[in-house]
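K.L.:
Dumping the structure here so I can ask a few things about it.
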Amino acid sequence: MTDKKTLHSLPLSEAISIAAQAISEVMSGRSLTEVLDQLEPHERPIVQSLSFDALRKWIRSHELIKQFVPKSPPPEVDHLLSVAIALFLNENTDGKGYAAHTIVDQAVSACANYDKTMYAKGLVNAVLRKVSLIVQPPEGETRFPPDPIPMFVPPWWRANLKRNYSKAWQSILFAQAKRAPLILRVNQKQYSREQYQALLNEVGIASSPIEEVAGVKLVSALLLSNPVPVSELPGFYSGAVSVQDAGAQLAATLLSPGAGERVLDACAAPGSKTAHILELADCEMVALELDGERLGKIGGNLDRLRLHSDQVRVIRGDASKASWWDGRLFDKILLDAPCSASGIVARHPDIPFLRREADIKSLQQKQRGILEQAWKMLKPDGLMLYVTCSVFPEEGEEQANWFAGVHSNAVRLGAPGQILPTDVSDGFYYALFKKNGP
Ligand SMILES: C[S@@+](CC[C@H](N)C(=O)[O-])C[C@H]1O[C@@H](n2cnc3c(N)ncnc32)[C@H](O)[C@@H]1O
465 MTDKKTLHSL PLSEAISIAA QAISEVMSGR SLTEVLDQLE PHERPIVQSL
515 SFDALRKWIR SHELIKQFVP KSPPPEVDHL LSVAIALFLN ENTDGKGYAA
565 HTIVDQAVSA CANYDKTMYA KGLVNAVLRK VSLIVQPPEG ETRFPPDPIP
615 MFVPPWWRAN LKRNYSKAWQ SILFAQAKRA PLILRVNQKQ YSREQYQALL
665 NEVGIASSPI EEVAGVKLVS ALLLSNPVPV SELPGFYSGA VSVQDAGAQL
715 AATLLSPGAG ERVLDACAAP GSKTAHILEL ADCEMVALEL DGERLGKIGG
765 NLDRLRLHSD QVRVIRGDAS KASWWDGRLF DKILLDAPCS ASGIVARHPD
815 IPFLRREADI KSLQQKQRGI LEQAWKMLKP DGLMLYVTCS VFPEEGEEQA
865 NWFAGVHSNA VRLGAPGQIL PTDVSDGFYY ALFKKNGP
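Using my numbering, read the sequence shown as starting at 465 and increasing by one per residue.
Here you go:
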């Protein structure tokens with residue numbers, strides 16, 4: 465959010481300049497999370513806010529750039545303009561933010577911060593002045609834009625949604641173009657939801673419980689009326705709460721872990737769902753992750769939430785292979801598979817710019833490899849929950865049908881299946897299997 469706290473963290477011109485360079489990195493194929501992770505702590509909130517908004521407003525900002533710069537500007541200038549124009553568009557939609565002259569001045573100064581854009585000060589100044597007249601018209605004239613603008617997605621992605629959701633495809637894109645709300649998961653080992661809500665009230669943070677998603681009751685989810693930095697959340701650093709989308713909170717709930725059960729989280733980093741499972745029950749947990757860098761985040765999360773014990777092991781390994789396994793079967797397996805992440809675009813607006821159509825087939829193969837191996841590690845009568853944060857049926861229902869088709873001992877139990885993005889939930893897929901016999 466471009467709120468008061470972030471306004472003063474960094475001069476706006478510098479933030480625009482860094483955000484524009486972050487956008488350039490995304491356009492050359494780098495994940496925005498990776499780019500943002502490299503920033504200084506005081507830079508991150510405002511740069512993240514500006515770059516997220518620039519990606520969310522991509523369609524509208526590029527209509528405007530095209531209107532005022534008939535010959536496409538070089539990428540560095542285009543990216544700087546897209547960051548600055550998004551600031552106007554936000555101001556227009558939520559009434560907060562910066563004055564038009566500040567945006568223009570700061571964007572022009574941002575040009576001077578970077579040698580590749582230095583020459584374009586005049587162009588940026590002229591374009592932004594014209595944009596400001598459109599988005600802040602004289603009284604009595606129509607404001608722009610009058611309607612919400614959908615998220616940018618590549619044509620193959622749009623075609624997939626249209627094919628699979630002939631009625632809902634546009635509302636999916638509209639939902640994903642909005643800023644995602646801040647949702648908390650209260651650590652039930654420390655507080656009930658009501659107790660934590662009372663703590664929030666004491667410090668003036670308004671919240672409301674999210675009682676269910678897709679018919680599954682949630683007991684820990686709290687929606688904040690306005691986002692705040694985590695440092696302002698009571699007890700955050702001693703593990704009272706985590707930030708987690710409500711749809712993601714279904715995973716541990718559906719797996720329903722019991723004390724002493726042996727549980728595998730097969731694709732665990734950064735460990736949000738591992739932690740949720742451990743908040744619900746003292747189980748014997750193996751958190752497996754292939755990516756060495758991401759693996760470290762699991763330990764960090766468990767430390768903060770005070771969930772480490774000699775019952776919990778964090779292992780680097782490949783879930784589609786057995787080389788890391790000690791041969792002891794699991795009572796329950798969470799398989800939160802690597803996927804396109806097409807369901808979590810509201811929180812990661814760089815995703816549509818990074819995915820390629822061919823990724824879906826190769827992800828499908830990976831998911832099948834992990835499903836096959838995990839099934840061999842499950843006890844008879846054990847449960848396996850297959851999860852993706854995707855809205856593409858190739859990664860959801862098609863996979864579950866394929867799996868049930870090739871395993872006669874896989875019985876499908878009740879689970880929501882495909883969940884489409886809403887105001888409080890990202891898009892997810894959930895299928896629950898019981899192993900009937902060996
Ligand atoms: C959707 S994310 C998991 C999110 C996590 N469950 C959470 O809630 O915090 C999928 C994870 O699987 C990991 N991964 C990909 N292929 C894997 C494999 N073959 N074995 C184990 N982990 C894998 C990725 O590095 C990524 O961290």
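Every residue, glycine too, gets a C-beta built ideally from N, C-alpha and C.
Am I right that residue 499 and residue 507 are in contact with their C-beta atoms under 8 Å? What's the rounded C-beta distance?
P.N.:
The Cβ separation is near 11 Å, so there is no contact.
K.L.:
Bridge partners for residue 660 per DSSP, in chain order?
P.N.:
In DSSP, residue 660 forms no bridge with anything.
K.L.:
For residue 775 and residue 876, I'd like the C-alpha separation in whole angstroms.
P.N.:
Near 29 Å, if we compare the C-alpha coordinates of residue 876 and residue 775.
K.L.:
Are residue 664 and residue 656 closer than 8 Å when you measure CB to CB?
P.N.:
No, the Cβ-Cβ distance between residue 664 and residue 656 is not below 8 Å.
K.L.:
Mapping the DSSP letters down to three states, classify residue 841 as helix, strand or coil.
P.N.:
Here residue 841 sits in coil by DSSP.
K.L.:
Just list the residues that DSSP pairs residue 616 with in beta bridges.
P.N.:
Paired residues: none, contrary to the question.
K.L.:
If I follow the unbroken alpha helix (DSSP H) through residue 490, where does it start and stop?
P.N.:
Unbroken alpha helix (DSSP H) run through residue 490: 476 to 491.
K.L.:
Enumerate in chain order the residues of its own chain whose CB-to-CB distance from residue 575 is below 7 Å, with the five nearest sequence positions on each side excluded.
P.N.:
If we look at residue 575 and ignore the five residues flanking it on each side, its Cβ neighbours are 544, 581, 582, 584, 585 and 588.
K.L.:
In this structure, does DSSP put residue 672 in helix, strand or coil?
P.N.:
Residue 672: strand per DSSP, three-state reduction.
K.L.:
Just to confirm the assignment, what range does the alpha helix (DSSP H) spanning residue 634 have?
P.N.:
633 to 640 is the extent of the alpha helix (DSSP H) around residue 634.
K.L.:
How long is the line joining the alpha carbons of residue 715 and residue 794, rounded to whole angstroms?
P.N.:
In a straight line, the C-alpha of residue 715 is about 17 Å away from that of residue 794.
K.L.:
Determine the direct distance from the alpha carbon of residue 895 to that of residue 718, and round the result to whole angstroms.
P.N.:
Taking the straight line from one Cα to the other gives about 10 Å.
K.L.:
When DSSP labels each residue in this structure, what does residue 512 get in the three-state scheme?
P.N.:
Helix at residue 512.
K.L.:
Taking residue 723 as the reference, give the member of 711, 742 and 829 with the closest Cα.
P.N.:
The shortest C-alpha separation from residue 723 is found at 742.
K.L.:
For a quick check, are the C-beta atoms of residue 491 and residue 817 less than 8 Å apart?
P.N.:
Their beta carbons are under 8 Å apart, which means residue 491 touches residue 817 by this criterion.
K.L.:
Following a CB-centred definition, is residue 734 positioned closer than 7 Å to any heavy atom of ligand 1?
P.N.:
The answer is yes for residue 734.
K.L.:
Going by the CB atoms, is the gap between residue 522 and residue 495 shorter than 8 Å?
P.N.:
In this structure, residue 522 does not lie closer than 8 Å to residue 495 by Cβ.
K.L.:
Confirm, please, whether the CB-CB distance from residue 685 to residue 943 is below 8 Å.
P.N.:
A query on residue 943 cannot be resolved here, the shown segment of the chain reaching from 465 to 902 and no further.
K.L.:
Of the residues 642, 703, 800 and 623, which one's Cα is nearest the Cα of residue 849?
P.N.:
Minimum Cα distance to residue 849 is reached at 800.
K.L.:
Closer than 6 Å by C-beta to residue 828: which residues in its own chain qualify, once you throw out the five before and the five after it? Chain order, please.
P.N.:
Only 858 meet the Cβ criterion.
K.L.:
Is residue 767 close to ligand 1? I mean its beta-carbon at under 7 Å from any heavy atom of the ligand.
P.N.:
Answer for residue 767: no, Cβ out of range of ligand 1.
K.L.:
Where does residue 903 sit, in a helix, a strand or coil, going by DSSP?
P.N.:
With the chain represented from 465 up to 902, any question about residue 903 goes unanswered, as that position is not in the structure.
K.L.:
Run through DSSP, which three-state label would residue 902 get?
P.N.:
The answer is coil: DSSP assigns residue 902 none of H, G, I, E or B.
K.L.:
If you follow the beta strand (DSSP E) that residue 536 is part of, which residue opens it and which one closes it?
P.N.:
It is not in any beta strand (DSSP E) - residue 536 carries neither H nor E in the DSSP assignment.
K.L.:
Who are residue 798's beta bridge partners in DSSP?
P.N.:
DSSP lists 729 and 849 as partners of residue 798.
K.L.:
Do residue 796 and residue 725 have their CB atoms nearer than 8 Å?
P.N.:
It is a contact, given that the beta carbons lie within the stated cut-off.
K.L.:
Going by C-alpha distance, which of 847, 503, 515 and 567 is nearest residue 483?
P.N.:
Measuring from the Cα of residue 483, the nearest candidate turns out to be 515.
K.L.:
In angstroms with no decimal places, state the Cα-to-Cα distance between residue 629 and residue 773.
P.N.:
Using only the alpha carbons, I get a separation of about 45 Å.
K.L.:
Among 734, 627 and 852, which has the Cα closest to the Cα of residue 756?
P.N.:
With distances taken between Cα atoms, residue 756 lies closest to 734.
K.L.:
So which of 885, 633 and 860 has the shortest CA-CA distance to residue 879?
P.N.:
Taking only the C-alpha atoms, the option nearest residue 879 is 860.
K.L.:
Compare the Cα-Cα distances from residue 530 to each of 520, 754, 549 and 513 and report the closest residue.
P.N.:
Nearest option by C-alpha distance: 549.
K.L.:
On the DSSP letters alone, give me the boundaries of the alpha helix (DSSP H) that residue 576 sits inside.
P.N.:
Where residue 576 is concerned, the enclosing alpha helix (DSSP H) stretches over 564 to 576.
K.L.:
Using 7 Å as the cut-off, classify the Cβ of residue 575 as near or not near the heavy atoms of ligand 1, replying yes or no.
P.N.:
No - ligand 1 has no heavy atom lying nearer than 7 Å to the Cβ of residue 575.
K.L.:
So is residue 740 buried or exposed if we call it buried at 16+ other beta carbons inside 10 Å?
P.N.:
Per the 10 Å Cβ criterion, buried.
K.L.:
Would a C-beta distance cut-off of 8 Å place residue 770 and residue 703 closer than the cut-off?
P.N.:
Yes, they are a contact pair.
K.L.:
Rounded to a whole number of angstroms, what is the C-alpha to C-alpha distance between residue 559 and residue 503?
P.N.:
Low local confidence applies: a pLDDT of 47 at residue 559 is under 50, so the model's placement there is unreliable, with the coordinate-based value given in what follows. One C-alpha to the other measures close to 28 Å.
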